[in-house]
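S.K.:
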Amino acid sequence: MDGFEAIKHIKSFKPDLPVIIQSANSLNDEWEKSKKAGADAYMTKPINPTELIGNLRKFIRPMVTKSA
0 MDGFEAIKHI KSFKPDLPVI IQSANSLNDE WEKSKKAGAD AYMTKPINPT
50 ELIGNLRKFI RPMVTKSA
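When the letters of the sequence shown are read in order and numbered with numbering that gives the first Met the number 0, they come out as residues 0 to 67.
(1) Between the alpha carbons of Phe3 and Glu50, how many angstroms are there, rounded?
(2) If contacts are defined as beta-carbon pairs under 8 angstroms, then Asp39 and Phe58 qualify, I think. What distance do you get, rounded to the angstrom?
(3) Measure the C-alpha to C-alpha separation of Asn54 and Ile20 and round it to an integer number of angstroms.
(4) Among Asp1, Ile6 and Met0, which one has its Cα closest to the Cα of Lys35?
(5) Would you decide whether Ser33 is buried or exposed? Buried here means 16 or more other CB atoms lie within 10 Å of its CB.
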């Protein structure tokens with residue numbers, strides 16, 4: 000199972016779970032494939048801490064609100 004198949008599998012049983020991809024590949028093609036598979040965000044290595052925190056905030060806040 001590759002990463003794209005893993006995203007599809009995760010989203011098949013937990014569609015609201017945010018999926019953030021981390022990859023060494025910075026090609027737009029990879030992000031497009033990830034989006035088609037169901038990814039919510041795509042980050043390239045090395046990870047930028049500000050970008051990571053921004054993505055986490057973007058997805059965690061709505062999840063907390065939904066469960067409240």
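Glycine is no exception: its CB is placed at the ideal position from the N, C-alpha and C atoms.
M.R.: In terms of the structure at hand:
(1) 22 angstroms
(2) 6 angstroms
(3) 11 angstroms
(4) Ile6
(5) buried
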